[in-house]
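Peer 1:
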Amino acid sequence: MTETLLRLDGVGYTYPGGAGIRGVDLAVRAGEVHALVGLNGAGKSTLMKLVLGMLRPQAGSVEVLGAEVRAAGPEVWAGVGAFVEHPLTYGELDSTTNLELAARMHGIARGDVPAAVGDVLDELDLARYARVKVRRLSAGNAQRLGLAAVLAHGPRLLVLDEPTTALDPAGIITLREAILRRAAAGTGALVSSHHLDEVARIADRISVIAEGRLVGELDPGGVDIERAFFAKVHEAVTA
Amino acid sequence: MTGFGTALAVESRKARASWTLRVTGLLLALGVPAIVASLVVAARGGGTPEARAQLLAKLGPEVVAADWHALVLASTQVTAAASVFAFGMGASWLVGREFADGTVPALFGLPVGRRAIATAKLVVHLCWALLVCVALVVVLAVAGLALGLGPLTGATAAGLARIVVLGLLTALISLAAAVVATLARSVLAGVAVAAVTIVTAQIWVFVGGSVWFPLASPALWAMHPGSVPAGALALVVAFGAACAALTVEAWRRLQLAR
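Taken in order, these protein sequences are the chains called W and V. Quick note, the first sequence lines up with residues 900 to 1138 if you use my numbering. Quick note, the second sequence lines up with residues 102 to 359 if you use my numbering.
Encoded structure:
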């Protein structure tokens, strides 16, 4: 049976204003790309924040790599690569230094850092920017670098919130290949996106979130995924 | 504490690349000697009679003597005020920049815990403050020699050493800025605390308040060592330790609900 890398059971979190998520059950298995799609404010980022401990669930439980998120230790987090809201990069440092620091923070042994950084610079086509300060990079290249920072340590679980927002078409393809390569090697990925066509190309499963609830799944191979998405959202909003 | 060594290496590297820490440190290490050297020159008759009279009123008759003792005393007074702002700004920036730059979400979900990250930031702050204070007294000594104040005596060296200790005690006090910058998630909130600390300490000294007030006792001790008991300085250390503990705990409990 395929190992479950991420599991949410009945998870709920409500912000003081009333927004949030409720009753969310979701799983990501090894080798699976699980996409989360929804409109702005549907609860995608909140869900990801709960997975990473940025918020504590008010209901239900979150398990990351078999450990309850509140009790997860360094050995658990060393197996996770996450990009939510902002990458672990600093404008005053160049790309290589940022990746080296991120690699250390993700638990790579000091001696293995140069090789890991070199590999991911090549993989995400960033070698020409290796000594460029991040503040001088375009938004797309800065985002590519941020993604490189969460891929370098070979995580077993990826959590990526809108990873293609600033990427150009070439960057999107590069990232897609990087995710699919890792999934083929057993990495599980939870990826949120607005881009239905894009997630249809990489996802094994697509969950739709609306009004803070998971309201169904889309068939990644379906012929009119956009229509199916809006039908599910409409159903949730009018229910 | 999980990953403290890694966090310290990472925070040190970030600090070395920081223009904020570099410029603030240089302004303090060079600015205080420049101000004091100009005061000594003025006290020697380099300024107008009105300026000399104002100097006398502000810094006292000892400074007007324009000798090593005057240089150390004036440096102590200027450093006491300037270092509160400089180190408060440094402490505030070190923790608050993660909120200002939006990088704080990326500090979750890592094998290096946020307690370790916050502790590393505070250690880097104290090391930076020590470095700046040592540079400041070295520049002061060079300035005194260049002004022809004669050879350094033991008493002068002790006065310069007190300036280093004053700076370190001030760096501990300035950790209050780190607490507020964390709770408010804002660099400017921490800087505001530094400004309020200066004003409070200055008023306290001006009105002759108790030497046991932690915000004022380091400056009083550095100027008149015999007048401040060791317990009052221990209270400064305790204040800094409490601020450090509050900062680290706030980082450990941090949630991104807003």
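Note that beta-carbon positions come from the ideal geometry of N, C-alpha and C, so glycine has one too.
Are any of the Cβ atoms in chain V nearer than 9 Å to that of residue 984(W)?
Peer 2: Taking the first sequence and counting its residues from 1, one reaches residue 984(W) at position 85. Cβ-Cβ to chain V under 9 Å: yes for residue 984(W).
Peer 1: Could you name each continuous beta strand (DSSP E) segment of 3 residues or more that falls completely within the segment 1045 to 1130 of chain W, going from the start of the chain to the end?
Peer 2: 1056 to 1060, 1087 to 1092, 1104 to 1109, 1112 to 1117
Peer 1: Can the beta-carbon of residue 939(W) be found less than 9 Å from the beta-carbon of residue 1093(W)?
Peer 2: As a first step, residue 939(W) must be located in the first sequence, where it is residue number 40. As a first step, residue 1093(W) must be located in the first sequence, where it is residue number 194. Residue 939(W) places its beta carbon less than 9 Å from that of residue 1093(W).
Peer 1: Grouping DSSP H, G and I as helix and E and B as strand, with all else coil, what is residue 960(W)?
Peer 2: Here residue 960(W) is taken as the residue at index 61 of the first sequence, counted from 1. Of the three classes helix, strand and coil, the one that applies to residue 960(W) here is strand, per DSSP.
Peer 1: How would you list, in chain order, the residues of chain V whose beta-carbon sits under 7 Å from the beta-carbon of residue 903(W)?
Peer 2: Taking the first sequence and counting its residues from 1, one reaches residue 903(W) at position 4. Correct list: empty, because the minimum Cβ distance to chain V is about 18 Å.
Peer 1: With 9 Å set as the bound, which would you pick, yes or no: does the beta-carbon of residue 1016(W) sit closer than that to a beta-carbon of chain V?
Peer 2: Looking up residue 1016(W) in the first sequence gives position 117. So, not an interface residue.
Peer 1: Anyone know if the C-beta pair for residue 187(V) and residue 128(V) falls short of 9 Å?
Peer 2: By 1-based counting over the second sequence, the position of residue 187(V) is 86. By 1-based counting over the second sequence, the position of residue 128(V) is 27. Yes, these two residues count as a Cβ contact at 9 Å.
Peer 1: Determine the contact status of residue 232(V) and residue 126(V), defining contact as a CB-CB distance below 9 Å.
Peer 2: Indexing the second sequence from 1 puts residue 232(V) at position 131. Indexing the second sequence from 1 puts residue 126(V) at position 25. Yes, the pair counts as a contact, with Cβ atoms nearer than the cut-off.
Peer 1: At a cut-off of 8 Å, would you count residue 341(V) as near the ligand ADP, judging by its Cβ distance to the nearest heavy atom?
Peer 2: No copy of the ligand ADP occurs in the structure displayed, which carries no ligand at all.
Peer 1: Taking Cβ-Cβ distances below 7 Å as the criterion, which residues of the segment 941 to 956 of chain W are in contact with chain V?
Peer 2: 948, 951, 952, 953, 954, 955
Peer 1: Does the CB of residue 195(V) have a neighbour CB from chain W at under 9 Å?
Peer 2: Working through the second sequence from its first residue, we reach residue 195(V) at position 94. So no, residue 195(V) is outside the interface.
Peer 1: Quick test of the definition: if touching needs 3 or more C-beta pairs under 8 Å, does the segment 1059 to 1077 of chain W touch the segment 912 to 919 of chain W?
Peer 2: no
Peer 1: When you check each C-beta in the segment 1003 to 1027 of chain W against every C-beta of chain V, which residues fall closer than 7 Å?
Peer 2: 1003, 1004, 1005, 1006
Peer 1: Name the residue from 234(V), 109(V), 137(V) whose alpha carbon lies nearest to the alpha carbon of residue 268(V).
Peer 2: In the second sequence, the residue the question calls residue 268(V) occupies position 167. For residue 268(V), the nearest C-alpha among the options comes from 234(V).
Peer 1: Taking only three categories from DSSP, how would you classify residue 179(V)?
Peer 2: Translated into the one-based positions of the second sequence, residue 179(V) becomes position 78. Residue 179(V) falls in the helix class under three-state DSSP.
Peer 1: Tell me the DSSP secondary structure of residue 907(W) in three-state form.
Peer 2: Along the first sequence, read from residue 1 onward, the residue named residue 907(W) stands at position 8. Residue 907(W): strand per DSSP, three-state reduction.
Peer 1: Just to confirm before moving on: does the CB-CB distance between residue 904(W) and residue 929(W) stay below 9 Å?
Peer 2: Locating residue 904(W) in the first sequence gives position 5, where the first residue counts as 1. Locating residue 929(W) in the first sequence gives position 30, where the first residue counts as 1. Between residue 904(W) and residue 929(W), the gap from beta carbon to beta carbon is short of 9 Å.
Peer 1: Output yes or no for whether 9 Å exceeds the beta carbon distance between residue 304(V) and residue 185(V).
Peer 2: What you label residue 304(V) is simply residue 203 of the second sequence in a count that begins at 1. What you label residue 185(V) is simply residue 84 of the second sequence in a count that begins at 1. Cβ distance not < 9 Å, so residue 304(V) and residue 185(V) don't count as in contact.
Peer 1: If the criterion is Cβ atoms closer than 9 Å, does the pair residue 1082(W) and residue 1048(W) meet it?
Peer 2: For the purposes of this step, residue 1082(W) is identified with residue 183 of the first sequence, where counting begins at 1. For the purposes of this step, residue 1048(W) is identified with residue 149 of the first sequence, where counting begins at 1. Residue 1048(W) sits away from residue 1082(W), with the two beta carbons spaced by 9 Å or more.
Peer 1: Quick check on residue 263(V): buried or exposed, where buried means 16 or more other Cβ atoms within 10 Å of its Cβ?
Peer 2: Position 162 of the second sequence, counted from the start, is the residue given in the question as residue 263(V). Counting Cβ neighbours within 10 Å, residue 263(V) comes out buried, since at least 16 surround it.
Peer 1: For residue 961(W), which residues in chain A fall below 8 Å Cβ to Cβ?
Peer 2: The displayed structure is made up of protein chains W and V, and chain A is not among them.
Peer 1: Given a cut-off of 9 Å on the beta-carbon distance, is the pair residue 279(V) and residue 298(V) in contact?
Peer 2: Translated into the one-based positions of the second sequence, residue 279(V) becomes position 178. Translated into the one-based positions of the second sequence, residue 298(V) becomes position 197. Between residue 279(V) and residue 298(V), the gap from beta carbon to beta carbon reaches 9 Å or more.
Peer 1: How should residue 328(V) be labelled, buried or exposed, when 16 other C-beta atoms within 10 angstroms of its C-beta is the threshold for buried?
Peer 2: Your numbering for residue 328(V) matches position 227 in the second sequence. It is exposed - the Cβ of residue 328(V) has fewer than 16 other Cβ atoms within 10 Å.
Peer 1: What's the C-alpha gap between residue 936(W) and residue 1044(W)?
Peer 2: On the first sequence, position 37 is the one that residue 936(W) refers to. On the first sequence, position 145 is the one that residue 1044(W) refers to. Computed Cα separation, rounded: 24 Å.
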